[in-house]
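A.B. asks: Mind looking over this structure? Questions follow.
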């Protein structure tokens, strides 16, 4: 706290504005809150208009609910005033039990509410910046026998930053509004929904659902039948607990269509969703093939990548719990009275689906995947005695492994502590978000900690006295690591400078490059250590960074080198929903910056559409330009949902890049974040295949060049696939590096040019 400053209460207007900005953080949230009020009013038809023209943004929502009379309208829009009786913290089945949504919108905008009860007159109320400026008879009749119309203009007029961020990418804001309404349609499928874009050239219908029987009808109406041709409808109850919805028997490439609701509230990220995901990941469901794009990569094919075959479930599940068992005071975060029972109840439904449809656990996995690390959902459900409850995995004992020498081999430790995981398969936890990818570069100044490597791998790299067995094609004799050198403490750290200044020794066994490097402990005490560098992993890291940097530079400069394809030779097949995203303004431009050119006109065939590919990035044309476009189809199917969700952020990045305001290092990291994941995987594969292999002989100059290139890399500690590039073996006491005094060639020349005395 600043010297002399006093702690004071915020003034009421500031406190009110701050709280309102938390309740209403964005324009899509305005639409959601107004729709919730309409549903609470018993509406059977909800129509919304969104105007995103800069300087004239507005939202208008009309419903045919029971309406509000003049007396009640006088209190509408005041904080903590509501017509719904809250039982506990859940609103007794109603959305708007807190009395905060309309009040917060009124603080942040100019809001007009017009409402009419059956057989009554139309009245209106106008609120601006938390002040009522009109209440009385409406100037215009509502136009229907009952219902309410809410118009919101000048949103965030007192928060310029939010207005500016929304103005940068109106297309992204419209996509977010559409996504918000789609979420509402799935939980209230019997209601008629319409979303319009109100713009200068007229109105455009963005979404329409005419009402149906259930969430499956709504899903097919909005997204098509492509991923839900075969489904299992879910309707399970246990006392006053119930689950309704469906789970598709087919897998999807992404998690886009995983819709979970608790008492009608959409739960985007929660322990329950993670629990469901881990359950599917541990089953054979996640390894299904998709006949549309993976005919050449069936699960039985040798050397198939688990990542390429992995499928995510498609489901819509609405869990209904007693209002007294749910804390929904903050709509984005749901609390539970009995979290253990809630989790077990949901898992019982998932297990029943997997069992009935023959999706057992993966081969080699645990028979019963473990629950989350959190104990919140680990209790056994009451009243569900027949349900199989996940049990904690016990750590496997240490087991003996050998170092195998083969062309694509890697260093495998002599001992391995198998760590306990949530579901017996580490892969289910990998790459859940873009921020967790190992391809993103760490800060260049960040040192490499051998202790961190040990924590991640849970291995003993080399024991000083343990027998070290090696088997290869040459049947080399068994060797031993003697104990005359002290081991490397786990707190020793290596930096980029350690690699750049290393003393490079001769190649060992045509696999490793030994070096003597400077290391530091936590107290900054320096020591010299003997380190083995994996020649394949090191060269792979150098190569992949070169490839990724060229791709990132092409995107940043908007001049990606491409390979033009013959018209009609390469075509990708997309679903109806994927084509909707592709046709969104700005999406094709982003794909083009990555070097992927797609034809503007598409040939539709029912639920699927063929799209001609015009060009692909030159660096990856060997894989993306194939006539059988498996990789390209996968790239688009994975990247289009990401564009639908994050188009605004990517467009902002391109604006900044075009202005040239980013430094090279910062730019590289920013662009890398939004590179299509399949493009990253193809770059990794290209680097691996072209890198120095085991058994490749290297000269002393080649070894030094490789180590120098590794030291200059952004992330020199791991290869493209995450394997460590180096392994410390031992400390070298009293080591003195060889003299590097420069040779005085002039003196040498003078000495050798002097005439020798002639002998007698």
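Numbering (full-length UniProt numbering), first residue to last: 1 to 760. Don't be surprised by glycine CBs; every beta carbon is placed ideally from N, CA and C.
Going by alpha carbons, who is nearest to residue 709 out of 497, 70 and 520?
C.D. replies: Nearest option by C-alpha distance: 497.
A.B. asks: Using beta-carbon positions only, say whether residue 573 and residue 616 come within less than 9 Å of one another.
C.D. replies: No, these two residues do not count as a Cβ contact at 9 Å.
A.B. asks: Can you find a C-beta in chain D that's less than 9 Å from the C-beta of residue 273?
C.D. replies: Absence of chain D from the displayed structure is noted, only one protein chain being present.
A.B. asks: Tell me whether the beta-carbon of residue 247 lies closer than 9 Å to the beta-carbon of residue 339.
C.D. replies: No.
A.B. asks: Considering only the alpha carbon of each residue, which of 234, 733 and 538 lies closest to residue 705?
C.D. replies: Nearest option by C-alpha distance: 538.
A.B. asks: DSSP three-state call for residue 567: helix, strand or coil?
C.D. replies: Coil, per DSSP.
A.B. asks: Which residue spans inside the stretch 647-690 form an unbroken alpha helix (DSSP H) run of at least 4?
C.D. replies: Within the stretch 647-690, the complete alpha helix (DSSP H) runs of at least 4 residues are 664-673 and 677-690.
A.B. asks: When we look at the beta-carbon of residue 743 and count the other beta-carbons within 10 Å, is it buried (16 or more) or exposed?
C.D. replies: With fewer than 16 Cβ atoms within 10 Å of its Cβ, residue 743 is classed as exposed.
A.B. asks: By DSSP, does residue 507 sit in helix, in strand, or in coil?
C.D. replies: Three-state result, residue 507: coil.
A.B. asks: Three-state secondary structure (DSSP) at residue 715?
C.D. replies: Coil at residue 715, not helix or strand.
A.B. asks: Are the CB atoms of residue 551 and residue 560 within a distance shorter than 9 Å?
C.D. replies: Their beta carbons are under 9 Å apart, which means residue 560 touches residue 551 by this criterion.
A.B. asks: Starting from residue 835 and walking both ways along the beta strand (DSSP E), at which residues does that stretch end?
C.D. replies: Beyond the ends of the chain as shown, which are 1 and 760, falls residue 835; an answer cannot be given.
A.B. asks: Per the contact definition of three or more C-beta pairs closer than 8 Å, is the stretch 670-685 in contact with the stretch 503-510?
C.D. replies: The stretch 503-510 vs the stretch 670-685: no contact.
A.B. asks: Can you list, in chain order, the residues of its chain whose CB lies under 6 Å from that of residue 567, leaving out five sequence neighbours each side?
C.D. replies: No residues qualify anywhere along the chain.
A.B. asks: So the alpha helix (DSSP H) residue 750 belongs to, where does it begin and stop?
C.D. replies: Start and end: 745-753.
A.B. asks: By the three-class DSSP mapping on this structure, what secondary structure does residue 483 have?
C.D. replies: Residue confidence for residue 483 is low, a pLDDT of 45 falling below 50, so the modelled location carries little weight and cannot support an answer.
A.B. asks: Report the residue ranges of all beta strand (DSSP E) runs contained in full by the stretch 109-180; include only those spanning at least 3 residues, in chain order.
C.D. replies: Listed in chain order, they are 110-116, 122-128, 131-137 and 147-153.
A.B. asks: Tell me whether the stretch 3-14 and the stretch 108-118 touch, counting them as touching only if at least three CB pairs, one residue from each stretch, are closer than 8 Å.
C.D. replies: Output reads no: the stretch 108-118 does not touch the stretch 3-14.
A.B. asks: In this structure, does DSSP put residue 528 in helix, strand or coil?
C.D. replies: DSSP places residue 528 in strand when its eight states are reduced to three.
A.B. asks: Buried or exposed: residue 747, going by 16 or more other Cβ atoms within 10 Å of its Cβ?
C.D. replies: When all chains shown are included, residue 747 counts as exposed.
A.B. asks: If residue 613 sits next to residue 591, beta carbons under 8 Å apart, how far is it from one beta carbon to the other, in whole angstroms?
C.D. replies: Actually they are not in contact, since the Cβ atoms of residue 613 and residue 591 sit about 10 Å apart, beyond 8 Å.
A.B. asks: The alpha helix (DSSP H) spanning residue 342 covers which residue range?
C.D. replies: Note, residue 342: alpha helix (DSSP H), 339-356.
A.B. asks: Under the rule that 16 or more other beta-carbon atoms within 10 Å means buried, what is residue 629, buried or exposed?
C.D. replies: Buried.
A.B. asks: Bridge partners of residue 258, per DSSP?
C.D. replies: Answer by DSSP bridge pairing, in chain order: 315.
A.B. asks: Within 10 angstroms of its Cβ, does residue 63 collect 16 or more other Cβ (buried), or is it exposed?
C.D. replies: Counting Cβ neighbours within 10 Å, residue 63 comes out buried, since at least 16 surround it.
A.B. asks: Can residue 587 and residue 707 be called in contact, C-beta distance under 9 Å?
C.D. replies: No, the Cβ-Cβ distance between residue 587 and residue 707 is not below 9 Å.
A.B. asks: Select from 752, 265 and 684 the residue whose C-alpha is nearest the C-alpha of residue 721.
C.D. replies: If we check each option's Cα against that of residue 721, 684 comes out closest.
A.B. asks: Which same chain residues, not among the five before or five after residue 178, have their C-beta less than 7 Å away from its C-beta?
C.D. replies: Within the same chain, residue 178 has close Cβ partners 195, 206 and 207.
A.B. asks: So residue 262 and residue 321 are supposed to be a Cβ contact under 8 Å. How far apart are they, rounded?
C.D. replies: Between residue 321 and residue 262 the Cβ distance is about 7 Å, and since that is below 8 Å, they are a contact.
A.B. asks: Rank 174, 341, 36 and 280 by C-alpha distance to the C-alpha of residue 358 and give the top, closest one.
C.D. replies: Per the Cα distances, 280.
A.B. asks: Is the beta carbon of residue 102 less than 9 Å from the beta carbon of residue 182?
C.D. replies: Cβ atoms of residue 102 and residue 182: not closer than 9 Å.
A.B. asks: Could you please give the first and the last residue of the uninterrupted beta strand (DSSP E) stretch that includes residue 62?
C.D. replies: Element bounds for residue 62: 58-63.
A.B. asks: Using the rule of at least 16 other Cβ atoms within 10 Å of the residue's Cβ for burial, across every protein chain shown, is residue 341 buried or exposed?
C.D. replies: Per the 10 Å Cβ criterion, buried.
A.B. asks: Helix, strand or coil: how does DSSP classify residue 105 here?
C.D. replies: Of the three classes helix, strand and coil, the one that applies to residue 105 here is helix, per DSSP.
A.B. asks: With DSSP as the reference, identify every bridge partner of residue 726, one or two as the case may be.
C.D. replies: DSSP, once it has assigned bridges, lists 533 as partnering residue 726.
A.B. asks: What are the partner residues of residue 335, as DSSP defines its beta bridges?
C.D. replies: Residue 335 is bridged to 327.
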